[in-house]
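Take 1 as the starting number for the sequence shown in full-length UniProt numbering and just add one per residue. The beta carbon of each residue, even a glycine, is placed where N, CA and C say it ideally should be. These notes concern the structure reproduced below.
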Amino acid sequence: MTLSRRAFLKSSAALAAVAGCAPGLAASGGASADPMDRIALTTVTFRFRFAQTRPADYAGTDPLMTLPEFPAYVRDRFGVRNVELWSQHVDSTEAGHLAEIRRAVERAGSRVVNLQMDQPYNLASSDEDERQASVDLVSEWVDVARAVGSPSIRANAGTGTIETAVRSLRQVADYADRQGVRLLTENHGGISTDLGVLLQILDALDGDARAVADFGNFPDGTDRFDALARLIPYTDLISAKTLLFDDGGEHMSFDFDRCVRTAEAAGFQGIYSGEQWDPSTDPLDAEAIAEWMVAHLRTSLLAARG
């Protein structure tokens, strides 16, 4: 990344502080009076409704959908106009298909807030050929993010050393910057699972990449709320993840609402992208879960305004 961009990021942060702004402001365009402007849904929650990620032995009867159908679906069903796309659900990276996705988003009056990039790669690999191939692959997906109108792409740090991860992420960030796309990385597997390591990576990148803070990805034994508060100053987008729900339809893995309160108290003003994940392939009522997440995000954001 060029020195001028670093200077811009630092001066922008200073101006935000003077203006009383906060982390996540760039992602959201500022805290809106309407909490729905700060709520997104990711296609990950609806993974069993996409042919690419529906297990062969899935016993549910959920109707399948395609990525171009998703923006209008979540707008009509949940009143959500912010969508996050998972790379696993992009049928093709051909220009025509990507243009179709972008047109579908525009027709719905919606916007893409991020592209979650999960493909076989390891940006922290000790094998130079694998590392460079990973940089090249993520860079190709930067082009996809740009084509579908996403302002950012999330790439995982991988498994290896901090120094290697930083080197690779900076390479991708340089390319992404030239394409007008922000690079984000997340507490999402590999060395980034350790919050201390993730913060070292983000500090070393010095604003060249920002963070996605994921409610659900802190290791067992971690003070989830303290860790979240520490990550917020680096954060442009929150993955408002839920895990397991009880038979009554209530989230039981951790206090989701407290996570929102914690993020707001730490100064976050960006977008919360509702996501559910667990490794089970049992039939999933994704609509009920999405309704729960949207309702709880909306209520928590309204309460935070006082």
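Within 8 angstroms, strictly: CB atoms of residue i and residue j
| i | j | result |
| --- | --- | --- |
| Arg170 | Asp208 | yes |
| Asp257 | Ser300 | yes |
| Glu84 | Ser273 | yes |
| Val105 | Gly149 | yes |
| Ile162 | Gln119 | no |
| Pro63 | Arg49 | yes |
| Ala99 | Pro71 | no |
| Leu123 | Val135 | yes |
| His89 | Thr61 | no |
| Ser125 | Ala157 | no |
Residue range of the alpha helix (DSSP H) that includes residue i
| i | result |
| --- | --- |
| Tyr121 | Premise fails: Tyr121 is in no alpha helix (DSSP H) and is neither H nor E. |
| Asp255 | That residue, Asp255, is in no alpha helix (DSSP H); it is neither H nor E in DSSP. |
| Arg170 | Ile162 to Arg178 |
| Ile289 | Ala286 to Arg305 |
| Ile201 | Leu195 to Leu205 |
| Arg224 | Arg224 to Leu231 |
Classification of residue i by the beta-carbon crowding that lies within 10 angstroms, buried from 16 upward
| i | result |
| --- | --- |
| Met117 | buried |
| Gln276 | buried |
| Ser239 | buried |
| Ala27 | Summary for Ala27: the model assigns pLDDT 48, below 50, so the residue's position carries little reliability, and this model does not support an answer. |
| Leu25 | Only weak support exists for where Leu25 lies, its pLDDT of 43 falling under 50; the coordinates are left without a value. |
| residue 313 | Here the chain covers residues 1 to 306 and nothing more, so residue 313 does not appear. |
| Thr242 | buried |
| Gly29 | Below a pLDDT of 50, predicted positions are generally treated as unreliable, and Gly29, at 48, falls in that range; no measurement from the model is reported. |
| His296 | buried |
| Ala22 | Reliability of the predicted coordinates at Ala22 is poor, the pLDDT of 41 falling under 50, and no value is obtained from them. |
Those residues which DSSP pairs with residue i across a bridge
| i | result |
| --- | --- |
| Asn82 | Ala40 and Arg111 |
| Gly274 | Leu41 and Ala240 |
Nearest-angstrom Cα separation, counted from residue j out to residue i
| i | j | result |
| --- | --- | --- |
| His251 | Asn187 | 21 angstroms |
| Phe78 | Thr235 | 25 angstroms |
| Ala288 | Val294 | 10 angstroms |
| Leu184 | Ser280 | 27 angstroms |
| Arg81 | Ile153 | 18 angstroms |
| Gln52 | Glu291 | 24 angstroms |
| Asp255 | Ala227 | 14 angstroms |
| Ala303 | Ala213 | 21 angstroms |
| Arg131 | Gly306 | 48 angstroms |
| Phe46 | Gln179 | 29 angstroms |
| Asp177 | Arg111 | 20 angstroms |
Boundaries (first-last residue) of the beta strand (DSSP E) holding residue i
| i | result |
| --- | --- |
| Asp129 | Careful: Asp129 lies outside any beta strand (DSSP E), inside the alpha helix (DSSP H) at Glu128 to Val148. |
| Val212 | Arg210 to Asp214 |
The ligand MG heavy atom lying under 7 angstroms from the CB of residue i
| i | result |
| --- | --- |
| Ser150 | For the ligand MG, the structure offers nothing, since it holds no ligand at all. |
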